[in-house]
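Heads up, my numbering is the position in the sequence shown plus 62, with the first residue counted as 1.
Idealized CB from N, CA, C, for every residue including glycine.
Below is one structure, written out as structure tokens; the observations come after it.
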Amino acid sequence: MKDKITLVMYSHSTYSDVWPMFFNQSEKLLTNYKKVLFCDDDLGILPEDWGFIKYNDDDNFSERVASCLAKIDTPLVFFHHEDMPLYNTPDYGLLDNYENIVLSENVDFIRLARSTDECHFNYKAHKTLFLASYHSPYFFAVQPSIFKTDRLLEIYKNTKINHIGEFETRAQKVCRDNKIKGLFHYDNEEKRGIFHYDTNVYPYICTAVSAGKWNLSEYPDRLKELLEENQIDHTIRGVI
63 MKDKITLVMY SHSTYSDVWP MFFNQSEKLL TNYKKVLFCD DDLGILPEDW GFIKYNDDDN
123 FSERVASCLA KIDTPLVFFH HEDMPLYNTP DYGLLDNYEN IVLSENVDFI RLARSTDECH
183 FNYKAHKTLF LASYHSPYFF AVQPSIFKTD RLLEIYKNTK INHIGEFETR AQKVCRDNKI
243 KGLFHYDNEE KRGIFHYDTN VYPYICTAVS AGKWNLSEYP DRLKELLEEN QIDHTIRGVI
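What follows is the structure, given as structure tokens:
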């Protein structure tokens, strides 16, 4: 079991129908990580190897995450939401390398997929890592990322919002003001949708749920396979 990093899944109990997909894929493919759910209620259905940190449901999104991050005792956190399950085996060696970079170098995070970023400069001699530009509208993105725990906590504590939809937009300035340093992974993967690319280091579905419905428009085959494998009735939530 890794002792320097905690895999975190943020969720709300109203999304508990999505949990089995994330839990089962993690059980198969990420057995060596300490895992913790951030949620208002665990509903008594967490797998045995998962911990639980409860947030106050009356808090806004950034307050919820900050209150939970403050209770993480590892220097690194591997941050997710519940609708970002793996669909294939990660590159464990590269993940270990990325974790060591964030842990030991002047880097605060590595985002594991390219967003709207331009690939101008590699990070040192790492051909699959690029410098995230402060000029990017999505320098920081709520996507699977390896983060220094204290720096991610800093972002959530200082990003003031009224609604979760404001978070990513307002977090960009907070990152710049606090001189957060970030990298992103890109290895010539294909673009998926408008704002992001696939990733071979951590092959996950980037938002399996969009606007409250299953995102079969961007992941028709991969998501359908996971829904069937986990016996989830997609008609209950609906699809886009």
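Minimum C-alpha distance to residue i - residue among the options
i, options, result
"asparagine 86", "Lys66, Ala132, Cys130 and Leu148", "Leu148"
"phenylalanine 171", "Ala187, Glu125, His247 and Asp179", "His247"
"asparagine 122", "Tyr77, Thr269 and Asn224", "Asn224"
"lysine 235", "Ser198, Tyr72 and Asn277", "Ser198"
"isoleucine 298", "Met71, Ser75 and Asp79", "Asp79"
"serine 73", "Arg284, Val164, Lys64 and Lys116", "Lys116"
"alanine 187", "Asn159, Leu138, Trp276 and Met71", "Asn159"
"phenylalanine 140", "Ile294, Val204, Glu291 and Glu290", "Val204"
"leucine 91", "Leu105, Tyr154 and Thr68", "Tyr154"
"leucine 165", "Thr76, Tyr77 and Lys243", "Lys243"
"leucine 156", "Pro109, Pro265, Asp283 and Glu290", "Pro265"
"valine 98", "Pro206, Ala273, Val70 and His142", "Val70"
"serine 75", "Ser207, Asn162, Glu290 and Phe114", "Phe114"
"phenylalanine 100", "Asn94, Thr93 and Leu108", "Leu108"
"isoleucine 67", "Thr136, His296 and Gly106", "Thr136"
"leucine 288", "Asp65, Phe209, Met63 and Phe84", "Phe84"
"isoleucine 163", "Leu131, Tyr196 and Ser207", "Ser207"
"proline 82", "Asn240, Trp112, Phe183 and Leu131", "Trp112"
Own chain residues within Cβ distance below 7 Å of residue i, not counting five before or after
i, result
"alanine 119", "The sequence given here places aspartate at residue 119; alanine does not occur at that position. Taken in chain order, the residues that qualify are Asp102."
"tyrosine 185", "Leu191, Phe192, Leu193 and Leu245"
"threonine 261", "Leu174, Ala175, His247 and Glu251"
"tyrosine 259", "Ala175, Arg176, Tyr248, Glu251, Glu252 and Lys253"
"threonine 178", "Ser198, Pro199, Tyr200 and Phe257"
"lysine 275", "Arg299, Gly300, Val301 and Ile302"
"threonine 221", "Ser124, Phe229, Arg232, Ala233 and Val236"
Start-to-end residues for the beta strand (DSSP E) that takes in residue i
i, result
"threonine 68", "67-72"
"isoleucine 217", "Taken as a continuous stretch (DSSP letters only), isoleucine 217 belongs to no beta strand (DSSP E), being part of the alpha helix (DSSP H) at 211-220."
"phenylalanine 192", "188-193"
"leucine 138", "138-143"
"valine 98", "96-101"
"phenylalanine 246", "244-247"
Residue i: first and last residue of the uninterrupted alpha helix (DSSP H) it sits in
i, result
"isoleucine 115", "Note, isoleucine 115: premise wrong, no alpha helix (DSSP H); beta strand (DSSP E) at 112-116."
"threonine 297", "296-299"
"asparagine 159", "154-166"
"glutamine 87", "81-91"
Where residue i falls: helix, strand or coil (DSSP)
i, result
"serine 177", "coil"
"phenylalanine 229", "helix"
"isoleucine 134", "coil"
"leucine 289", "helix"
"valine 14", "Within the shown structure, residues of the chain are numbered from 63 to 302, placing residue 14 beyond reach of any answer."
"valine 271", "strand"
"serine 207", "strand"
"phenylalanine 201", "coil"
Neighbourhood of residue i by C-beta, 6 Å cutoff - its chain only, sequence neighbours within 5 removed
i, result
"leucine 278", "Leu285 and Val301"
"tyrosine 281", "Ile267"
"histidine 296", "Trp276 and Leu289"
Same chain, Cβ closer than 8 Å to residue i, five either side skipped, listed in chain order
i, result
"cysteine 181", "Phe192 and Tyr248"
"tyrosine 77", "Glu144, Asp145 and Val271"
(request) Tell me, please, whether the region 209-223 touches the region 114-131 by the rule of three or more beta-carbon pairs shorter than 8 Å. (result) yes
(message) Under 8 Å, with one C-beta from each stretch per pair, do the region 138-148 and the region 216-232 reach the 3-pair mark?
(response) no
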